[in-house]
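Chains as they are written, first to last, in the numbering used here: chain A, 84 to 433; chain B, 29 to 334.
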């Protein structure tokens with residue numbers, strides 16, 4: 084039954100989407116076709132689909148580890164940005180631009196930067212009892228401003244005609260695509276490994292079990308002696324590491340350089356992916372594929388039908404709304420109760 | 029003196045959207061509901077109010093349109109959180125994303141031209157007084173409305189029976205239900221009120237503060253308003269003070285950029301976010317102070333038993 088809700092939510096989102104298109108004066112079926120089928124009808128489309136799904140799945144896996152323990156890291160967007168910055172920094176300024184060590188170093192730098200950016204809210208929550216939702220979010224704004232400072236200032240490409248962007252990363256600092264005609268590259272294997280690791284951690288490890296107990300029953304977890312601060316640290320660092328690596332893969336993959344806008348909102352969308360996937364590794368894979376299709380479809384209709392890409396965010400929101408609502412019908416049984424006369428009137432209080 | 033007046037009035041104006049949004053959220057949270065979607069509701073309010081002005085409606089209608097847009101958005105959250113008993117964090121996030129999407133979608137045709145901003149009031153005699161006039165009597169009407177809302181909400185929460193019931197529901201919905209209060213209905217009203225206020229905050233941004241439409245123009249103000257409620261330890265007066273503090277920070281940052289301080293503008297722009305973190309840490313360290321006014325049932329779904 085837990086699988087039913089995401090499916091139901093997707094179907095309902097499609098229906099609302101059709102009505103919405105119809106109200107805009109677009110034929111619903113062709114528009115839906117343009118949104119959800121056309122992007123996948125070519126090899127390039129399939130390559131783009133996996134390319135966009137990869138960071139979403141990777142980040143959602145990291146976030147879900149925290150969400151299971153009720154640790155609300157909603158600043159993956161910032162951790163992604165910091166990962167991309169650190170990795171690009173290594174790629175741009177490492178003394179030997181042809182070193183085979185470059186990519187591994189960038190991987191480590193991206194992961195470390197993402198973790199460091201998440202470590203601040205982790206420390207503040209664990210030690211100072213500070214709400215991690217707000218801190219992770221504020222850190223996202225700061226990360227975006229930091230990126231803007233770098234590409235407008237010290238890291239700006241001197242040969243870049245004053246555009247706010249860095250120089251291109253050297254070839255050794257990039258993932259080479261499987262096929263030069265398409266953009267999909269081996270970084271997708273990182274995501275595959277992350278999914279397996281996430282599954283091992285949540286379903287096969289005692290630590291993962293303790294984290295789930297912390298989330299589902301905090302008092303029981305405390306009684307059993309599971310430290311809350313451990314759950315906070317692991318939850319936030321897992322999300323930070325995943326987002327940082329995703330940022331690195333994005334910089335060293337499709338982007339190839341830094342600019343003020345490096346993410347179409349992967350960090351926020353991944354939160355929805357984690358929920359659609361029921362905080363479960365394999366569910367997240369499906370959720371990520373679905374969300375990636377929303378991004379692709381949004382870009383597609385923007386070009387073919389001149390509809391704004393903001394549609395993607397609208398669909399994301401609607402999808403999550405329906406998912407949450409569908410849960411209600413799955414976890415609760417509806418009974419019609421006729422209130423007994425006067426039994427619940429507020430006057431009873433007097 | 030000129031500079032002082034500029035900083036003072038700028039602070040009051042910059043604080044106004046925060047006052048609206050945070051006071052609204054205070055009422056919501058006092059009823060035991062956590063709506064993280066302020067950012068989305070503010071954007072809806074900003075978009076609808078701006079649209080109404082460009083469509084030629086008079087200013088008051090535009091502002092009301094913005095407020096109603098925020099309330100309509102909050103109803104989505106309310107249905108999920110109160111009727112469907114969903115996780116309130118997730119429902120609020122969904123609203124934040126949805127609101128930013130819808131507002132961006134609506135705003136695609138708005139263009140980038142500014143509109144004529146909401147006028148300041150002109151009180152006979154008072155507005156013309158030297159110093160005092162520009163300091164106190166020339167703001168736009170929404171600034172005074174924000175202060176009025178502060179008085180009204182403080183009075184409502186702590187001096188009326190309805191306010192007491194609202195707070196009781198936030199502490200223990202089970203008890204309130206047992207003695208016969210309609211918990212869900214009252215929470216709905218609180219959520220709608222919060223949406224109305226967030227919509228007003230958004231409307232203020234797009235028709236008075238900036239006055240133009242930019243995608244995602246709230247730039248985190250909705251989240252800062254959420255932080256303000258925590259910072260204020262759920263007390264109205266502290267929300268007012270906190271909003272002025274943040275308003276002051278925004279203005280000092282703008283003045284700093286205008287004076288051409290030798291620091292990167294991004295660092296100045298980051299100040300409000302940094303300050304939010306610092307302030308949250310300082311407040312949160314004192315667990316007792318937080319616990320004292322914290323609505324005990326915050327963010328916990330309530331299902332009437334039986």
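Backbone N, C-alpha and C define an ideal beta-carbon position, used for all residues, glycine too. The model shown is predicted, which means the values in this text are computed figures rather than measured ones.
Under 7 Å from the C-beta of residue 360 of chain A: neighbouring residues of chain B: Identification of chain B residues near residue 360 of chain A by a Cβ-Cβ cut-off of 7 Å yields none; the smallest Cβ-Cβ distance measures about 13 Å.
In chain order, what are the residue ranges of uninterrupted alpha helix (DSSP H) at least 4 long that sit wholly in the region 193 to 241 of chain A? If we require 4 residues or more, the alpha helix (DSSP H) runs fully inside the region 193 to 241 of chain A come out as 215 to 235.
When the Cα atoms are used, what is the spatial distance from residue 308 of chain B to residue 214 of chain A? About 8 Å.
Inter-residue spacing [alpha-carbon to alpha-carbon] between residue 60 of chain B and residue 220 of chain B: Each residue's alpha carbon lies about 14 Å from the other.
Reference residue 144 of chain A; option with closest CA among A:400, A:371, A:386 and A:396: Of all alpha-carbon atoms in A:400, A:371, A:386 and A:396, the one lying nearest the alpha-carbon of residue 144 of chain A is that of A:371.
At a Cβ threshold of 8 Å, is residue 305 of chain A touching chain B? It does not; no Cβ of chain B falls within 8 Å.
Beta-carbon of residue 121 of chain B versus every beta-carbon of chain A: anything under 8 Å? Yes, residue 121 of chain B lies at the interface with chain A (some Cβ there is under 8 Å from its Cβ).
Any chain B beta carbon closer than 8 Å to residue 356 of chain A: Residue 356 of chain A does not count as touching chain B.
Would you identify the three-state DSSP class for residue 121 of chain B, choosing helix, strand or coil? Residue state, collapsed to three classes: helix.
Beta carbon proximity, residue 413 of chain A to chain B, threshold 8 Å: It does not: the Cβ of residue 413 of chain A has no partner Cβ on chain B nearer than 8 Å.
8 Å Cβ cut-off: residues of chain A touching residue 304 of chain B: The answer, in chain order, is 217 and 221.
Looking at residue 204 of chain A and residue 319 of chain A, is the spacing between their C-beta atoms short of 8 Å? In contact: residue 319 of chain A and residue 204 of chain A (Cβ atoms closer than 8 Å).
With burial defined as no fewer than 16 other Cβ atoms inside 10 Å of the residue's Cβ, what is the status of residue 135 of chain A: buried or exposed? Answer is buried; the Cβ neighbour count reaches 16.
Euclidean distance between Cα positions of residue 320 of chain B and residue 186 of chain B: Rounded to whole angstroms, the gap between the alpha carbons of residue 320 of chain B and residue 186 of chain B is 15 Å.
Assuming residue 81 of chain B is part of the alpha helix (DSSP H), what are its boundary residues? 66 to 82 is the extent of the alpha helix (DSSP H) around residue 81 of chain B.
Beta-carbon proximity of residue 87 of chain A to residue 413 of chain A, cut-off 8 Å: The Cβ-Cβ distance between residue 87 of chain A and residue 413 of chain A falls below 8 Å.
If residue 174 of chain A and residue 185 of chain A are in contact, beta carbons under 8 Å, what's the gap, nearest whole angstrom? About 6 Å separates the two Cβ atoms, so the contact holds.
State the CB to CB distance for the pair residue 274 of chain A and residue 141 of chain A, rounded to an integer number of angstroms; the pair is presumed to be in contact (CB under 8 Å). Indeed they touch by this definition, with Cβ atoms about 4 Å apart.
Under 7 Å Cβ-Cβ, which residues of chain A neighbour residue 313 of chain B? Within chain A, the residues placing a beta-carbon under 7 Å from that of residue 313 of chain B are 211 and 212, ordered along the chain.
Counting Cβ pairs, one atom from each stretch, are 3 or more of them under 8 Å apart for the region 68 to 86 of chain B and the region 123 to 140 of chain B? Yes, they touch.
Please report the Cβ distance between residue 330 of chain B and residue 408 of chain A, rounded to the nearest whole angstrom; I am assuming they are in contact, meaning their Cβ atoms lie under 8 Å. Between residue 330 of chain B and residue 408 of chain A a beta carbon distance of about 17 Å is seen, past the 8 Å cut, so the two are scored as non-contacting.
Could you have a look at residue 158 of chain A and say whether DSSP puts it in helix, strand or coil? Looking at residue 158 of chain A - three-state DSSP - the assignment turns out to be coil, as it is neither helix nor strand.
Taking Cβ positions, are residue 78 of chain B and residue 241 of chain B nearer each other than 8 Å? In contact: residue 78 of chain B and residue 241 of chain B (Cβ atoms closer than 8 Å).
The region 373 to 402 of chain A: positions lying closer than 9 Å to chain B by Cβ: Taking 9 Å as the upper bound on Cβ-Cβ separation, chain B lies near residues 390, 391, 392, 393, 394, 395, 396, 397, 398, 399, 400, 401 and 402 of the region 373 to 402 of chain A.
Return the residues of the region 123 to 135 of chain B that lie within a Cβ-Cβ distance of less than 9 Å from chain A, sorted by chain order. Listed by position along the chain: 123, 124, 125, 126, 127, 128, 129, 130, 131, 132, 133, 134 and 135.
Between the region 298 to 313 of chain A and the region 111 to 131 of chain A, can you find at least three pairs of beta-carbon atoms closer than 8 Å? With the cut-off at 8 Å, the region 111 to 131 of chain A and the region 298 to 313 of chain A do not touch.
Would a check of beta-carbon distances place residue 112 of chain B closer than 8 Å to chain A? Yes, its Cβ sits closer than 8 Å to a Cβ of chain A.
What does the alpha-carbon distance come out to for the pair residue 198 of chain A and residue 203 of chain B? Distance between the alpha carbons of residue 198 of chain A and residue 203 of chain B is about 43 Å.
When you compare each of A:271, A:403 and A:406 to residue 336 of chain A by their alpha carbons, which one comes out closest? Of the candidates A:271, A:403 and A:406, A:271 places its Cα closest to the Cα of residue 336 of chain A.
Presumed contact (8 Å Cβ cut-off) between residue 209 of chain B and residue 197 of chain B, rounded CB distance: Contact flag correct, Cβ pair sits at about 6 Å.
Using the Cα positions of residue 41 of chain B and residue 327 of chain B, report the straight-line distance between them to the nearest angstrom. Those two C-alpha atoms are separated by around 31 Å.
Buried or exposed: where does residue 32 of chain B fall if 16 or more other Cβ atoms within 10 Å of its Cβ makes it buried? The residue in question, residue 32 of chain B, is exposed, as its Cβ has fewer than 16 Cβ neighbours within 10 Å.
Whole angstroms is fine: what's the gap from residue 236 of chain B's alpha carbon to residue 88 of chain B's? Looking at the two C-alpha atoms, the distance is approximately 12 Å.
Ordered along the chain, which non-local residues of its own chain (more than five positions away) have a Cβ less than 6 Å from that of residue 219 of chain A? Contacts found: 156, 157, 158 and 204.
Hey, residue 218 of chain B and residue 256 of chain B: beta-carbon distance below 8 Å or not? Contact flag unset, no.
Taking CB distances under 8 Å as the criterion, tell me whether residue 231 of chain A reaches chain B. Closer than 8 Å to some Cβ of chain B, the Cβ of residue 231 of chain A qualifies, so yes.
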